[in-house]
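*Asks:* Numbering (this note's numbering), first residue to last: 864 to 1376.
Beta carbons are placed, not taken as given, at the ideal position from N, Cα and C, and that holds for glycine.
Predicted model only: the values in this text are computed from it and were never measured.
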Amino acid sequence: FIYLLVGIYVFSALAEFVRFRMGIKVNVEVTYKLREDISKKLKRLPISYFDKNPVGDVLSRMTNDVQSISESISQIINQFISSLITIIGIMGIMFYISPTLALITILTIPLTALASFKILQESQKQFSLQWKDLGDLNTHIEEMYSSNKLVKSYNYEDESLEQFEEKNTKLRTSAARADFFSGITMPISMFVNNIGVVFMSVVGGYLILMGQINIGNFQSFVQYSRSFTRPITMMTDIISILQSGIAAAERVFEILDAKEEVPDCEDCISIKDVKPRVSFENVSFGYDEEEVIHNLSIDIPEGATVAIVGPTGSGKTTLVNLLMRFYDVNKGEIKIDGINIKNFSRTDLRNYFGMVLQDTWLFEGTVFENIAYGEMNSTREEVIEAAKNAYAHDFITKLPLEYDTILEENASNISEGQKQLLTIARALISNPRIMILDEATSSIDTRTERLIQLAMERLVSGRTSFIIAHRLSTIVNADLILVLKDGDIIEKGTHKELLEQGGFYNELYYSQF
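(1) Are the beta-carbon atoms of residue 1171 and residue 1329 separated by less than 8 Å?
(2) Please look up how many angstroms separate the CB atoms of residue 1127 and residue 999, rounded, as I've assumed it's under 8 Å.
(3) Since I believe residue 1066 is in contact with residue 997 (beta carbons under 8 Å), could you give me their beta-carbon distance rounded to a whole number of angstroms?
(4) Going by DSSP in three states, residue 1148 sits in which element: helix, strand or coil?
(5) For residue 876, is the classification buried or exposed, using 16 other Cβ atoms within 10 angstroms of its Cβ as the cut-off for buried?
(6) Classify residue 1294: buried if its beta carbon has 16 or more other beta carbons within 10 angstroms, exposed otherwise.
(7) Can you tell me the Cα-Cα spacing of residue 1303 and residue 1358, whole angstroms?
(8) Let me check understanding here. Comparing Cα to Cα, which of 1191, 1156 and 1165 lies closest to residue 1179?
(9) Do three or more CB pairs link the region 1115-1134 to the region 1211-1228 at distances below 8 Å?
(10) Helix, strand or coil for residue 1328, going by three-state DSSP, please let me know.
(11) Starting from residue 939, follow the alpha helix (DSSP H) in both directions and report where the run begins and ends.
(12) If we call anything under 8 Å between Cβ atoms a contact, is residue 922 one with residue 1029?
(13) Who does residue 1218 pair with in a DSSP beta bridge?
(14) Please name the residue or residues paired with residue 1355 in a DSSP beta bridge.
(15) Do you know offhand how far residue 932's Cα is from residue 926's?
(16) With DSSP as the reference, label residue 1153 as helix, strand or coil.
(17) My output table needs one value for residue 931: the three-state DSSP class, helix, strand or coil.
(18) Taking the alpha helix (DSSP H) that residue 1288 falls in, what are its first and last residues?
(19) Which residues in the same chain as residue 1342 place their Cβ atom closer than 6 Å to its Cβ, once the five residues preceding and following it in sequence are excluded?
(20) Should the region 1235-1247 be regarded as contacting the region 1279-1294, the criterion being three or more beta carbon pairs within less than 8 Å?
(21) Nearest-angstrom Cα distance between residue 1199 and residue 1173?
(22) Mind checking whether residue 1140 and residue 924 have CB atoms under 8 Å apart?
(23) Name the residue from 928, 950, 1146 and 981 whose alpha carbon lies nearest to the alpha carbon of residue 1195.
(24) With a CB to CB cut of under 8 Å and the five nearest residues on each side skipped, what residues in its chain are close to residue 1305?
(25) Would you decide whether residue 1188 is buried or exposed? Buried here means 16 or more other CB atoms lie within 10 Å of its CB.
(26) Measure the CB-CB distance between residue 1094 and residue 1002 and report whether it falls below 8 Å.
(27) Residue 1267 and residue 1231 look like a contact to me (Cβ under 8 Å); what is the Cβ gap, rounded to whole Å?
(28) Using alpha carbons as the reference points, say which of 989, 990, 1355 and 1079 lies closest to residue 1345.
(29) Tell me the rounded alpha-carbon separation between residue 1270 and residue 1243.
(30) Looking only at C-alpha atoms, which of 1102, 1079, 937 and 1112 sits nearest to residue 898?
(31) Would you give the residue range spanned by the beta strand (DSSP E) that residue 1168 belongs to?
(32) Comparing alpha-carbon positions, which option in 1148, 1327, 1061 and 1045 lies nearest residue 1165?
(33) Exposed or buried, residue 1162, counting other C-beta atoms within 10 Å across all chains shown (16 or more means buried)?
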């Protein structure tokens, strides 16, 4: 008998260990795979998705919501399954002792389930609100603290704090309501189960008087019924916790179910030997239902430098988005060397272009890594050569560790002009066939503006180039200037020709002096 007990205890310990190890493995693997699927999905989503969904909310779904799912899975594996096995085992013993009392005890399960179901419906709704409010709060934090310098420049700290308090209070309220509805399931379940125990005791007393069950068996049954209701109560509590995971899963699967970019063509044409001649043929495009480009037609010869100017909202940046296939046209075609850009893979097409943006994007890493980002297999010599051609080498050599200097968050340890020079070096090292300069000189300090201009001249030399700028003095040597207004080309020509016309460009140009 002793050996049997030892064997049972050893088996129980081993089973518990296996369950624990399997629980960890399943939990870790599921959450790992889920994050991996989200990451892959984000790469397949169009730019329009990120235009409509704040970065902070997307990050919250990928981290906080996945973590909530992980905790729910852990609860299922660690408690739910063991509770279910316990219930089945005890139920068998109770039916063996007294089928009548067992049926009475089991009748409490539907009542518990009904009461819990009503509460859990509201609980899931509140958890959904909680995760949404958390996403909104994370969005606010990401926006405010990533633009901390701007916030301080405009003395916006108090307003920012007020907005934080408002969103944080909203989150506190929704979290408190979610926790209330989640926590109330256990006491209600216990109350219903206790009513069942009282009713079972009354019937048990009657059965004892009738001689259908002895006192010893009845006492055993009462103990087993207590052991029976305990895991049921625990299961209802676990299910309420699962509502948080379900609400989080809904938000995660909103990403996984989002509409992806139109797939690349099956038999894409290689862009390697394509000449950089660009044409827009009757192109119309709009964000959602608002059309911003109307029936646009232009032809850009190989090697031409084209400047695109116009007031805010005229469609300048939209043309860049269409060229790079961040968006697809609604009507018409965009062609390179007479070939519709949809016949190239997006990877090939975007490698064909180089971009220098007004908002210089530099990541936290070395100067070398930031320049080499334009061509990942670049050697140190190639990076240095690109920096020299971009007139960035001189200031880089004055940094503490030269090319191995770590750029801090938002590259705050170098000036705006130096950031721009690095992005030009990054574009140069990629050796693109077509160059896009989007507002490239509008935020450059006067001291380095001449260097920027020289670097840009070298950058566009021999390449088809599109320059989008508000400072018209930087584009006077462009081969062609397109003047956009409300999505239409209202004027086009060289700088001299447009001044002679005395139209909108003439007015725009002289308004800057």
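*Replies:* Quick look at the numbers:
(1) Yes, they are a contact pair.
(2) At roughly 35 Å, the Cβ-Cβ gap does not stay under 8 Å, so residue 1127 and residue 999 are not in contact.
(3) Not really, about 49 Å apart at Cβ, beyond 8 Å.
(4) DSSP, reduced to helix, strand and coil, places residue 1148 within a strand of the structure shown.
(5) Exposed.
(6) So residue 1294 counts as exposed.
(7) Caution applies to residue 1303, whose pLDDT of 49 falls short of 50 and renders its modelled position unreliable; the value that the coordinates give is listed next. Straight across, the Cα-Cα distance linking residue 1303 with residue 1358 is about 19 Å.
(8) The shortest Cα separation from residue 1179 among 1191, 1156 and 1165 belongs to 1156.
(9) These segments touch.
(10) Of the three classes helix, strand and coil, the one that applies to residue 1328 here is strand, per DSSP.
(11) Per DSSP, residue 939 belongs to no alpha helix (DSSP H) and is neither H nor E.
(12) The Cβ atoms of residue 922 and residue 1029 do not sit closer than 8 Å to each other.
(13) In DSSP, residue 1218 forms a bridge with 1299.
(14) Residue 1355 has 1345 as its beta-bridge partners, per DSSP.
(15) In a straight line, the C-alpha of residue 932 is about 10 Å away from that of residue 926.
(16) Strand, per DSSP.
(17) In this structure, residue 931 counts as helix in the three-state DSSP scheme.
(18) First-last of the alpha helix (DSSP H) with residue 1288: 1279-1293.
(19) Excluding residues within five positions, the ones whose Cβ falls inside 6 Å are 1167 and 1168.
(20) Remark: three or more beta-carbon pairs, one from each stretch, lie closer than 8 Å, so the region 1235-1247 and the region 1279-1294 are flagged as touching.
(21) Rounded to the nearest angstrom, the two C-alpha atoms are 24 Å apart.
(22) At least 8 Å separates the beta-carbon of residue 1140 from that of residue 924.
(23) Nearest of 928, 950, 1146 and 981 to residue 1195, Cα basis: 1146.
(24) Its pLDDT being 47, under 50, residue 1305 is placed unreliably by the model, and nothing is read from it.
(25) With 16 or more Cβ atoms within 10 Å of its Cβ, residue 1188 is classed as buried.
(26) No, the Cβ-Cβ distance between residue 1094 and residue 1002 is not below 8 Å.
(27) Contact check for residue 1267 and residue 1231: beta-carbon distance about 6 Å, within the 8 Å limit, so the pair qualifies.
(28) Of 989, 990, 1355 and 1079, the smallest CA-CA separation from residue 1345 is found for 1355.
(29) If I take the Cα positions, the gap works out to 17 Å.
(30) Ranking the options by Cα distance to residue 898, first place goes to 1112.
(31) If you look at residue 1168, you'll find it in the beta strand (DSSP E) that goes 1168-1172.
(32) If we check each option's Cα against that of residue 1165, 1327 comes out closest.
(33) Exposed, by the Cβ-count rule.
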